[in-house]
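Trainee: After the structure tokens below, expect a handful of questions from me.
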Amino acid sequence: MMAILDDIFSLKGKAAVVTGAASGFGRAFAVAMAEAGADLALIDTNPQGLKQTVELVRERGRVAHIHVADVSDEAAICAAFKGIDESFGRIDILVNNAGIGERFRGKIHEYPSADWKRIVDVNLNGVFYCSREALRRMYAQQSGKIINLASIWGMVGGGFLNAGGYATTKGGVVNLTREMALEYAPHNIQINAICPGFHRTSIMDFGDPQSQGIVELMKAHTPAGRLAGAEELRGTLLYLASSASNFMSGSIIAVDGGFLAR
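Sequential numbering from 29 applies to the sequence shown in the numbering used here.
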């Protein structure tokens, strides 16, 4: 049984790119893929956090390279992918994990334009820039996998959290995932999305004294009655990154403690 699992979930010989790799989901994903045998290119704006992730990857005997870049900066992302070409010569897996939460919590008619532009630039345009660069390479090699981190708020409205900008961008990621999946399925490229529910990551730092009340509200809206840890997405990520999901594309997978089943 273990031989079968090692075979279908193995990432040996694969070159993977993870954005937002300095902490949270990104770090957990990088470590999980390293344990499965992949070498990593790690992208983030936080060099110190990236160095810590690199150490964890190298402790597991895998190669890791740092690329300090903001996913919303098109030129910086182009440069990062050129650097990845020099390091690995190919890209087998892209994990579009980088994202930011709401700075503003109010109604849409009150939303500051600068805040709106920033969240769209990072959460949606960043996914597009990174996917475009990866797809140029995957299309040439006629193989690859892209896993996008969306959100339950990409499938329903942000509701009680007043997360208009966040929900809008994650909804865009969901449909960008579907569109790319349709375009590239004939080319042996599988593209899927994970929609986390309420997980404890840095994006949950709301920066106000009412944060604990918001966390309790999230728990109350989650049938499982708790928030999840970043590590609880690793299995889903490895499934989508490995050959186990080779006939799966355009799927939007919720990992949400039952939230969307209500």
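Backbone N, C-alpha and C define an ideal beta-carbon position, used for all residues, glycine too.
Can you give me the Cβ contacts of A92 inside the same chain, cut-off strictly under 8 Å, excluding the 5 residues immediately before and after it?
Mentor: If we look at A92 and ignore the five residues flanking it on each side, its Cβ neighbours are A58, A62, D67, L68, A69, L70, T81, V82, V85, R86.
Trainee: Using the three-state DSSP reduction, which class does L122 fall into: helix, strand or coil?
Mentor: Three-state result, L122: strand.
Trainee: Beta-carbon within less than 7 Å of T197's beta-carbon, same chain only, minus the 5 sequence neighbours each way: which residues are those?
Mentor: The residues are I147, V148, N151, L152.
Trainee: Between the Cα of I128 and those of V184, T47, N203, spot the shortest distance and give me the residue it belongs to.
Mentor: Comparing Cα positions, the closest option is T47.
Trainee: Could you give the residue range of the beta strand (DSSP E) that holds A92?
Mentor: From DSSP, the beta strand (DSSP E) with A92 extends over 92 to 96.
Trainee: Are the segment 202 to 210 and the segment 161 to 177 in contact at 8 Å, needing three or more beta carbon pairs?
Mentor: Touching, yes, given that three or more Cβ pairs across the two stretches are closer than 8 Å.
Trainee: Inspect the CB distances between the segment 250 to 257 and the segment 209 to 221 and report whether three or more fall short of 8 Å.
Mentor: Flag = no, the segment 250 to 257 and the segment 209 to 221 do not touch.
Trainee: In this structure, what does DSSP give as the bridge partners for N153?
Mentor: Paired residues: none, contrary to the question.
Trainee: By DSSP, does G172 sit in helix, in strand, or in coil?
Mentor: DSSP places G172 in strand when its eight states are reduced to three.
Trainee: Taking N190 as part of the alpha helix (DSSP H), name the residues at either end of that continuous run.
Mentor: Counting along the chain, N190 falls outside any alpha helix (DSSP H), and DSSP gives it neither H nor E.
Trainee: Tell me R228's beta-bridge partners as DSSP assigns them.
Mentor: Note: R228 sits in a beta bridge opposite G257.
Trainee: What does T73 pair with, by DSSP beta-bridge criteria?
Mentor: DSSP, once it has assigned bridges, lists no residue as partnering T73.
Trainee: Roughly how many angstroms separate the alpha carbons of H95 and E138, rounded to a whole number?
Mentor: When rounded, the distance between both Cα atoms is 36 Å.
Trainee: So, for A126: in the same chain, excluding its five sequence neighbours on each side, which residues have a beta-carbon less than 6 Å away from its beta-carbon?
Mentor: The answer, listed in chain order, is T47, G48, V99, G154.
Trainee: Alpha helix (DSSP H) containing V184: first to last residue?
Mentor: Segment: none, V184 is in no alpha helix (DSSP H) and carries neither H nor E.
Trainee: Can you tell me which of the three DSSP states V45 falls into?
Mentor: It is a strand residue.
Trainee: So, using beta-carbon positions, are A97 and A104 closer together than 7 Å?
Mentor: A contact, by the Cβ cut-off of 7 Å.
Trainee: Once DSSP output is grouped into helix, strand and coil, what is the label at A9?
Mentor: What the structure shows of the chain is the stretch from 29 to 290, and residue 9 is not part of that stretch, so it cannot be assessed.
Trainee: Grouping DSSP H, G and I as helix and E and B as strand, with all else coil, what is D284?
Mentor: In this structure, D284 counts as coil in the three-state DSSP scheme.
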